[in-house]
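Chains as they are written, first to last, in this note's numbering: chain A, 184 to 669; chain B, 184 to 669.
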């Protein structure tokens with residue numbers, strides 16, 4: 184008898200157990216690391232299985248930025264952030280179906296979570312880097328990482344910068360964050376097994392998860408878990424079948440993030456009775472805000488229409504692009520703000536002209552489309568306002584300094600990175616919720632294998648997934664360790 | 184031991200069977216009726232369980248319109264429809280993830296399916312009613328029921344009218360269709376049980392579906408099925424939890440269609456190992472195309488922008504409305520085309536003016552937004568073209584005959600009916616596909632409990648769900664009857 188991720192093994196089909204532990208954690212990204220750490224700190228015996236050759240997962244590919252509120256770093260930088268403001272912002276982040284309990288708990292415990300991260304040795308210089316950036320290349324550790332100052336978020340929640348990045352020079356602080364978490368995990372005595380791919384869960388007669396089968400050295404290793412299994416395997420950005428079935432819009436995009444995000448954790452959870460929700464949702468972004476003056480440009484779709492306030496989070500703008508008809512959008516800039524985009528090879532200059540009418544013609548658009556959009560935008564920008572799309576005055580510039588250019592962001596040709604946001608439903612303790620709403624006994628999950636705090640790409644902010652991974656990873660680890668051994 | 188839709192009962196927990204049959208069909212809409220009929224015609228003993236007090240389901244609430252191609256009705260009306268044109272159209276209907284096999288089979292067998300429907304006694308007068316209508320109030324039986332003549336469909340598939348409606352005077356031919364199908368079902372000797380709510384499936388050791396528990400007179404009736412269970416229970420438009428988890432956009436809309444569409448069939452299928460796909464997708468429409476001259480108006484969103492060619496299918500236009508920012512859109516009309524909308528109580532006149540600038544002001548929009556949109560539209564309409572949104576010349580009218588009006592379609596206040604389009608994955612035989620891709624033995628499904636031919640509201644056409652229900656309902660019934668008894 185052989186199980187698959189979607190098809191758990193029954194305990195009676197396990198002839199012998201190769202390994203016994205209290206808690207098995209699957210996946211060594213930030214969620215798995217934090218779950219393992221907290222389970223170990225709670226006194227549990229913990230084994231951690233990672234399919235790759237080392238720790239990291241998608242977390243190591245990130246900027247190492249965690250979305251936090253109410254910290255002394257914010258206060259030192261002159262920002263008074265409140266639990267209520269954070270909760271309000273997170274509620275908007277939840278889209279049409281926010282998990283209000285998770286928003287509440289995360290807002291309340293966010294300062295303590297920051298303390299815990301520092302206690303693990305994650306360095307925070309505590310300095311604020313102003314401006315609109317994707318991730319700091321300096322060793323500063325507080326940035327604006329979302330749409331806090333932009334419409335409509337600024338109206339619903341008092342803005343504060345909440346992107347707390349690890350102190351690190353250069354891009355890619357996520358690897359450094361993972362190195363620290365890995366060191367703590369190893370110090371805590373967690374039995375770490377790399378190149379160990381989870382194959383299926385094991386359920387007993389009561390449909391309780393009591394073990395997991397892991398493939399090591401091409402042999403199945405049957406792991407008996409006395410207290411629980413924590414799934415921390417990431418999303419399904421690398422699983423073409425699942426993408427087609429649940430989030431087919433992503434199939435147009437070039438660059439999934441997360442080498443091992445093959446959906447197997449969601450499959451195991453669903454196979455054990457878990458509920459997968461919001462499976463159509465995904466994050467995407469194209470690095471169009473570098474150099475930052477480009478944010479003073481305006482985006483138009485193939486009908487020459489604006490569609491979003493360009494000063495909100497770059498991922499929110501990118502996600503809105505994908506809702507436009509056609510296959511591309513254009514960023515319109517004048518000479519004063521023009522700069523070669525970060526990914527100039529993939530964000531091409533589609534048209535240049537001495538007038539906006541010339542740009543319009545060169546793009547093959549009819550008269551009175553794009554040019555009219557710019558003229559109307561300019562008229563109001565000159566008054567310091569954007570009555571149609573609500574771009575904040577700080578980013579408004581009359582685009583009248585020719586020559587003018589249209590930069591093309593093409594959904595298939597430009598670099599749109601993405602990862603999935605749908606996944607297992609969990610409660611605030613990290614218990615996987617069954618389709619009937621009750622927890623699946625013995626099964627826990629955190630990070631992108633779940634549908635967590637950030638629920639749509641439209642409302643995403645940088646640092647929210649690592650917030651989800653680290654905070655609810657800890658919760659899941661503690662909850663897994665807490666039950667009586669069976 | 185008691186099962187739930189999501190939690191099947193194990194055969195060993197059934198102490199005695201109350202009823203034995205070859206095939207159990209769950210749900211007495213068009214899909215269930217056709218499945219029962221074909222199973223019975225194939226020689227199987229069939230029991231049909233319906234939770235309501237009579238036949239009908241959402242099918243009886245429809246216009247009784249079936250999307251068909253290659254029929255003599257089309258030829259008599261002067262339309263040469265081809266298998267290829269129908270297949271191409273259906274492929275577009277499938278959105279980002281069309282089921283190419285189903286498109287192929289349906290296109291090939293559509294003429295035969297029409298013959299079968301007539302053999303069952305469904306009357307077709309065979310006359311064509313031209314124009315743009317929701318459903319015929321005359322007894323004509325062929326109409327344009329989708330986006331065939333509109334951009335971009337007309338470019339990809341040779342247009343033909345394919346809405347084959349039952350010969351019936353007035354709206355609501357779906358009830359008449361169901362009465363006929365019910366009569367055939369009863370003549371075929373199907374054991375019909377009304378007020379019989381399916382509670383859970385029964386699985387044997389091999390995870391084969393071998394029965395179903397049905398609640399009748401408030402007692403569980405254990406039904407042993409020798410050959411198979413066909414789920415034909417409809418979508419989940421009445422299940423608020425499932426809507427929130429999978430299709431939260433629908434929660435803004437007022438009017439789900441299908442009293443008993445509570446998602447229980449999807450739950451049973453998933454509980455037995457089935458794969459639920461495209462769960463975020465839904466059909467919606469607001470009856471804005473009556474009187475038809477309104478189609479010559481143009482829709483703008485809250486930024487005063489057009490967003491769709493208004494001459495495509497009313498449901499496609501309505502679904503596009505829901506993608507606009509804000510809570511409403513406006514239909515702009517001049518005096519020449521103005522008419523009180525069908526649902527005038529819920530589609531209100533939001534502004535009237537002697538000029539478009541006055542309408543713009545009255546709606547609280549900034550200068551050079553809505554009025555500019557109309558002027559640009561008018562400029563090109565005068566030339567008989569719509570270069571930005573590709574409305575066909577027949578529906579283009581310069582909107583210059585004041586006074587002018589903006590009709591408000593409000594997502595929460597206007598009548599937006601909807602039903603869900605996500606559901607169980609099935610193959611062309613109607614077998615429910617498990618999450619690993621292989622059929623779940625003994626389990627079949629058809630209609631809105633599945634993700635079938637129509638996969639998104641953006642590409643829907645009237646008659647596609649009844650096509651799915653009747654055609655793949657027949658397939659499912661035949662497949663269920665075909666297996667060896669167990």
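For each residue, glycine too, the CB sits at the ideal point set by N, CA and C.
Because the structure is a prediction, the values reported are computed rather than measured.
Mind checking which residues open and close the alpha helix (DSSP H) that includes residue i?
{"i": "residue 461 of chain B", "result": "Element bounds for residue 461 of chain B: n/a, residue is neither H nor E."}
{"i": "residue 297 of chain A", "result": "283 to 302"}
{"i": "residue 436 of chain B", "result": "No alpha helix (DSSP H) holds residue 436 of chain B; DSSP gives it neither H nor E."}
{"i": "residue 497 of chain A", "result": "497 to 505"}
{"i": "residue 660 of chain A", "result": "656 to 665"}
{"i": "residue 429 of chain A", "result": "423 to 429"}
Among the residues of its own chain, which have a CB less than 7 Å from the CB of residue i, if the five just before and after it don't count?
{"i": "residue 372 of chain A", "result": "223"}
{"i": "residue 455 of chain A", "result": "191, 384, 386, 392, 623 and 626"}
{"i": "residue 380 of chain A", "result": "234, 397 and 398"}
Let me make sure I understand the geometry here. Which of the options has the alpha-carbon closest to that of residue i?
{"i": "residue 593 of chain A", "options": "A/358, A/575, A/668 and A/528", "result": "A/528"}
{"i": "residue 469 of chain A", "options": "A/325, A/452, A/577 and A/316", "result": "A/316"}
{"i": "residue 206 of chain B", "options": "B/321, B/392, B/256 and B/362", "result": "B/392"}
{"i": "residue 444 of chain B", "options": "B/632, B/190, B/229 and B/198", "result": "B/632"}
{"i": "residue 658 of chain A", "options": "A/641, A/630 and A/667", "result": "A/630"}
{"i": "residue 297 of chain B", "options": "B/544, B/244 and B/256", "result": "B/256"}
{"i": "residue 356 of chain A", "options": "A/243, A/379 and A/335", "result": "A/243"}
{"i": "residue 319 of chain A", "options": "A/363, A/554 and A/646", "result": "A/646"}
{"i": "residue 438 of chain A", "options": "A/291, A/422 and A/512", "result": "A/422"}
{"i": "residue 263 of chain B", "options": "B/547, B/544, B/253 and B/271", "result": "B/253"}
{"i": "residue 665 of chain A", "options": "A/464, A/221 and A/388", "result": "A/221"}
{"i": "residue 337 of chain B", "options": "B/396, B/376 and B/272", "result": "B/272"}
{"i": "residue 450 of chain B", "options": "B/615, B/431 and B/284", "result": "B/615"}
{"i": "residue 530 of chain A", "options": "A/503, A/538, A/512 and A/420", "result": "A/512"}
{"i": "residue 209 of chain A", "options": "A/240, A/194, A/201 and A/546", "result": "A/240"}
{"i": "residue 231 of chain A", "options": "A/349, A/249 and A/395", "result": "A/395"}
{"i": "residue 290 of chain B", "options": "B/302, B/506, B/280 and B/276", "result": "B/276"}
Keeping to the same chain, check which residues put their C-beta closer than 6 Å to that of residue i; ignore five residues upstream and five downstream.
{"i": "residue 643 of chain B", "result": "466, 498 and 637"}
{"i": "residue 260 of chain A", "result": "311 and 325"}
{"i": "residue 341 of chain B", "result": "268"}
{"i": "residue 565 of chain A", "result": "581"}
{"i": "residue 286 of chain B", "result": "270, 273 and 274"}
{"i": "residue 535 of chain B", "result": "586 and 588"}
{"i": "residue 525 of chain A", "result": "470 and 473"}
In the DSSP assignment, what residue or residues form a beta bridge with residue i?
{"i": "residue 467 of chain B", "result": "B/601"}
{"i": "residue 622 of chain A", "result": "A/616"}
{"i": "residue 335 of chain B", "result": "In DSSP, residue 335 of chain B forms no bridge with anything."}
{"i": "residue 139 of chain B", "result": "No answer is possible for residue 139 of chain B: it lies beyond the span of chain B, which begins at 184 and ends at 669."}
{"i": "residue 193 of chain A", "result": "A/386"}
{"i": "residue 375 of chain B", "result": "B/231"}
{"i": "residue 347 of chain B", "result": "B/249 and B/325"}
Specify, as a first and last residue, the run of the beta strand (DSSP E) that residue i falls within.
{"i": "residue 382 of chain A", "result": "379 to 386"}
{"i": "residue 408 of chain B", "result": "402 to 414"}
{"i": "residue 203 of chain B", "result": "202 to 209"}
{"i": "residue 249 of chain A", "result": "248 to 250"}
{"i": "residue 393 of chain B", "result": "392 to 399"}
{"i": "residue 231 of chain A", "result": "229 to 232"}
{"i": "residue 533 of chain A", "result": "531 to 536"}
Whose C-beta lies closer than 8 Å to the C-beta of residue i among residues of the same chain, with five residues either side of it excluded?
{"i": "residue 168 of chain B", "result": "It is not possible to answer for residue 168 of chain B, since the shown part of chain B is limited to 184 through 669."}
{"i": "residue 508 of chain A", "result": "484, 485 and 486"}
{"i": "residue 352 of chain A", "result": "320, 321 and 322"}
{"i": "residue 538 of chain B", "result": "554, 585 and 587"}
{"i": "residue 496 of chain A", "result": "328, 329, 330, 333, 643, 644 and 645"}
{"i": "residue 366 of chain A", "result": "304"}
Does residue i get closer than 7 Å to chain C when you measure Cβ to Cβ?
{"i": "residue 552 of chain A", "result": "As a matter of chain content, chain C is missing from the structure shown, whose protein chains are A and B."}
(message) Taking 8 Å as the cut-off, does the stretch 207 to 217 of chain A touch the stretch 651 to 663 of chain A (at least 3 CB pairs, one atom from each stretch)?
(response) yes
(message) Below 8 Å, how does it come out for the stretch 516 to 526 of chain A and the stretch 585 to 592 of chain A: are there three or more Cβ pairs, yes or no?
(response) yes
(message) Is it the case that the stretch 553 to 564 of chain B contacts the stretch 551 to 561 of chain A, given that we only count it when at least three CB pairs across the two stretches are under 8 Å?
(response) yes
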